[in-house]
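Numbering of the sequence shown is given in our numbering, commencing with residue 411 and proceeding in unit increments. Have a look at the structure below before the remarks.
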Amino acid sequence: MPYSEEGKVLVVEDDEAMLSLMGRKFREANLDSILVGTAAQAIQAIGEAQLRGLYLDGLNGGWEWVANAAIAAGIIPHKVVLVTSSPGAYIDKAAEMGVSLVSRYKEDWLEQILRTIE
411 MPYSEEGKVL VVEDDEAMLS LMGRKFREAN LDSILVGTAA QAIQAIGEAQ LRGLYLDGLN
471 GGWEWVANAA IAAGIIPHKV VLVTSSPGAY IDKAAEMGVS LVSRYKEDWL EQILRTIE
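Structure, rendered in C-alpha cells:
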C-alpha cells in the first residue's frame with residue numbers, strides 16, 4: 411500500500427519490552443501503529459496497510475530488507491527510522507538509502523523518532 415499522511419506507523423522491534431514501550435509512546439502521541447516483532451511480519455504489514463512511517467531496530471541485519479520494502483511501497487525514505495545502539499555500524503548504509511538514523515544513546519531519542527514520523 412502507498413504512503414499516506416493519515417496512515418499508521420509500523421513499529422518493528424525484536425525486543426518485546428521495547429516493542430511495548432514504543433507502542434505506548436506512539437499511542438501517547440496519538441499515532442496509530444502496527445506492532446510487529448520480525449522482518450517477515452513487517453514486510454507483510456507493508457504490503458497490507460497504508461503507512462505514514464516506519465520505526466525499526468537493526469533486526470540482526472534484517473533492517474535493510476524491511477527498509478527497502480517500505481521505500482519500494484512508497485514510504486518517504488526519511489520517514490523510515492532506524493534506531494540502534496550502534497549507529498556507527500549503520501551510518502553509511504542509512505545515508506545511502508536516505509533513511510533516518512537515531513542513536514538510543516541520545517537522551518531525546520524517543521522525541522527524535524516522533525518528530526521524524528509525525
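Cβ coordinates follow ideal geometry from the N, Cα and C atoms, glycine included. Owing to the predicted nature of the structure, the values given are computational and were not obtained by experimental measurement.
Give every residue of the same chain whose Cβ lies closer than 6 Å to the Cβ of residue i, excluding the five residues on either side of it in the sequence, and list them in chain order.
i           : result
residue 439 : 524
residue 494 : 468 and 500
Can you tell which of the options has the C-alpha that lies nearest to the C-alpha of residue i?
i           : options               : result
residue 509 : 427, 456, 431 and 485 : 485
residue 425 : 473, 487, 483 and 467 : 467
residue 490 : 437, 496 and 505      : 505
residue 418 : 461, 499 and 522      : 461
residue 422 : 465, 436, 497 and 441 : 465
With a 10 Å radius around its C-beta and 16 neighbouring C-beta atoms as the bar for buried, classify residue i as buried or exposed.
i           : result
residue 499 : exposed
residue 414 : exposed
residue 443 : buried
residue 536 : Since the first residue shown for the chain is 411 and the last is 528, residue 536 is missing from the structure and cannot be characterised.
Can you give me the Cβ contacts of residue i inside the same chain, cut-off strictly under 8 Å, excluding the 5 residues immediately before and after it?
i           : result
residue 475 : 449 and 453
| field | Runs of alpha helix (DSSP H) wholly within the segment 477-525 (minimum 4 residues, chain order) | value | 501-507
Can you confirm whether the segment 504-519 touches the segment 440-456 when touching is taken to mean that 3 or more C-beta pairs between the two stretches lie within less than 8 Å?
Between the segment 440-456 and the segment 504-519, the count of C-beta pairs closer than 8 Å stays below three; the two stretches do not touch.
Q) Can you list the beta strand (DSSP E) stretches of 3 or more residues lying completely in the segment 424-455, in chain order? A) Qualifying beta strand (DSSP E) stretches, in chain order: 443-446.
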